[in-house]
Structures are given as C-alpha cells and as structure tokens.
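**Q** Right, I'll just put the structure down here and ask away after.
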Amino acid sequence: MFLFRQSFKHFHWPIAFILLVLVAGCSFTPSPTLHPTPPTPSAIASSPTTSAKQEDIWSLLQQGEPGYVVMMRHGIAPGTGDPPNFRVEDCTTQRNLSAEGRAQAVRMGEAFRRRNIRVARILSSQWCRCLETARLMNLGTVEAFPAINSFFSDRLTEPMQTAQVRQFIADNRSTPGVIILVTHQVNITAIAEIAPQSGESVVLRANQQDQVELVGRINAL
Numbered sequence: 001m002f003l004f005r006q007s008f009k010h011f012h013w014p015i016a017f018i019l020l021v022l023v024a025g026c027s028f029t030p031s032p033t034l035h036p037t038p039p040t041p042s043a044i045a046s047s048p049t050t051s052a053k054q055e056d057i058w059s060l061l062q063q064g065e066p067g068y069v070v071m072m073r074h075g076i077a078p079g080t081g082d083p084p085n086f087r088v089e090d091c092t093t094q095r096n097l098s099a100e101g102r103a104q105a106v107r108m109g110e111a112f113r114r115r116n117i118r119v120a121r122i123l124s125s126q127w128c129r130c131l132e133t134a135r136l137m138n139l140g141t142v143e144a145f146p147a148i149n150s151f152f153s154d155r156l157t158e159p160m161q162t163a164q165v166r167q168f169i170a171d172n173r174s175t176p177g178v179i180i181l182v183t184h185q186v187n188i189t190a191i192a193e194i195a196p197q198s199g200e201s202v203v204l205r206a207n208q209q210d211q212v213e214l215v216g217r218i219n220a221l
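In this text, residue positions in the sequence shown follow the UniProt record's numbering: the first is 1, and each later residue adds one.
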C-alpha cells in the first residue's frame with residue numbers, strides 16, 4: 001500500500017500537468033496575424049504650373065509655330081452645373097461670370113496681347129459664361145463651336161463631342177497662330193485628363209499621328 005501511494009505521488013502531478021496543457025491547447029485560439037492596413041489612395045492634387053514652366057509655355061506660343069490649341073475654362077461663375085430651367089439662348093437661366101470671372105478673362109486677353117501672340121481664331125461654347133469670357137478677352141471675333149458645349153448634364157454626348165474636338169485639333173496641326181477654345185471643365189478633362197480651375201488653360205497640339213498631346217498649362221490670371 002505504501003509503495004502504491006508513493007508510485008501515485010510520483011505519477012499524479014506529471015499526469016495532471018499534461019492534462020492541463022492539453023486542455024489549454026484545445027481552448028487556445030491563435031490571434032490572427034496582423035497585417036498593416038494599406039494606405040487609402042489619395043487624390044493627386046492639381047498643383048499650379050511653376051513660373052518657369054509658365055514662361056516656357058508662353059514662349060512656345062510666341063514663336064508662332066502652327067498647331068497650338070489653347071483650351072481655356074471659362075472664368076469664375078459661382079455654383080455648379082446649371083439651373084433646372086436652363087436654356088442655352090437665355091443667359092438669365094444660366095450660371096454667369098462673377099466680377100472676378102470677368103476680370104480673369106480681361107487679364108488673360110491682356111497676357112496674349114502683351115506677348116504679341118498671334119491668335120488665329122477664338123471659338124467658344126454656346127454657354128453664356130464661355131461666350132462672355134471669350135469676348136472679354138478681346139482677341140478677335142468669337143465663333144460659337146457646339147462641339148465644346150458642356151456635357152455636364154448629359155454625358156451621352158461626351159464621346160461624340162470629344163472625338164470632334166480631337167479631330168478639330170488634328171485638322172489644325174498646320175494652322176499658323178494659336179487657336180483658343182473657351183469651354184468647360186468636363187470638356188477639358190475629357191481631352192487632357194486634367195481638371196482645370198476656372199480661368200485656367202491647357203495647351204494642346206496634335207502629333208504626326210494625329211494624336212492630341214498635352215504641351216502644358218497656363219494658370220488662371
């Protein structure tokens with residue numbers, strides 16, 4: 001009996017310890033491996049072109065080489081889109097230029113004249129804020145160009161209008177003097193993949209394969 005008790009004492013605790021380890025192992029749930037959360041992609045800010053680059057762009061336009069097209073977003077017009085009762089022939093139903101928007105247009109026209117840049121044509125969307133911008137620039141007779149009308153409220157016309165503008169730029173690859181198109185943000189974004197600020201411009205040119213290339217940007221003035 002004494003030997004049995006001694007033997008039990010020798011084996012009891014190791015067995016109990018093993019049982020505890022097994023029970024703990026069965027109930028243990030490993031913590032999930034933590035992976036660092038990938039950073040949320042952030043929008044790339046549209047930073048203004050530097051002064052040096054600005055002057056480079058202006059110099060290109062001054063040289064008078066053919067094919068340059070300036071797509072300019074109309075001056076500041078408070079709001080977004082147009083009212084529900086919008087009619088293209090009635091300016092009172094549209095967003096129109098603010099005093100600063102009109103001043104932007106005047107300053108841009110002065111910048112072209114001060115540099116003696118030859119303007120071959122100036123065309124505009126039929127929206128009043130674009131026509132007023134183009135006229136206030138005072139760089140020549142303004143022509144209405146429906147292909148650069150806003151498609152903000154009707155994206156179904158975007159592919160057709162964008163194709164027409166690309167073809168227009170390609171067709172004028174050999175035209176001497178700068179062609180200015182006063183239009184809207186959505187139209188410029190569709191062509192240049194840039195969202196310009198009010199009064200800002202992009203300079204475009206078609207290459208030998210008739211592909212439209214972005215030459216640079218001109219900040220709003």
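Note that CB positions come from ideal geometry on N, CA and C, so glycine has one too. Remember, it's a predicted structure, so these values are computed and weren't measured experimentally.
1. Based on the DSSP secondary-structure assignment, which residues constitute the bridge partners of V142?
2. On the DSSP bridge list, what partners appear for S201?
3. If I measure Cβ to Cβ from N149 and keep anything under 6 Å in the same chain, skipping five residues before and after, which residues do I get?
4. Taking 8 Å as the threshold, find out whether the region 83 to 99 comes into contact with the region 55 to 62 through three or more Cβ pairs.
5. Going by DSSP, which residues form a beta bridge with L181?
6. Among residues of its own chain, excluding the 5 on either side of N207, which ones have a beta-carbon nearer than 7 Å to its beta-carbon?
7. Alpha carbons only, please: which of I180, R118 and P78 is nearest the one belonging to R135?
8. Is the CB-CB distance between G81 and Q104 below 9 Å?
9. Could you tell me the alpha carbon to alpha carbon distance between V88 and R129, rounded to whole angstroms?
10. Closer than 7 Å by C-beta to A144: which residues in its own chain qualify, once you throw out the five before and the five after it? Chain order, please.
11. In terms of residues, what are the limits of the alpha helix (DSSP H) holding F168?
**A** In short:
1. DSSP, once it has assigned bridges, lists I122 as partnering V142.
2. M72 and I218
3. Only S125 and Q126 meet the Cβ criterion.
4. A contact between stretches requires three or more CB pairs, one per stretch, nearer than 8 Å, and the region 83 to 99 fails this requirement with the region 55 to 62.
5. M71 and L123
6. E213
7. That would be I180, whose Cα lies nearest to the Cα of R135.
8. no
9. Rounded to whole angstroms, V88 to R129 spans 11 Å at the Cα level.
10. Cβ within range, chain order: S124 and Q126.
11. E158 to D171
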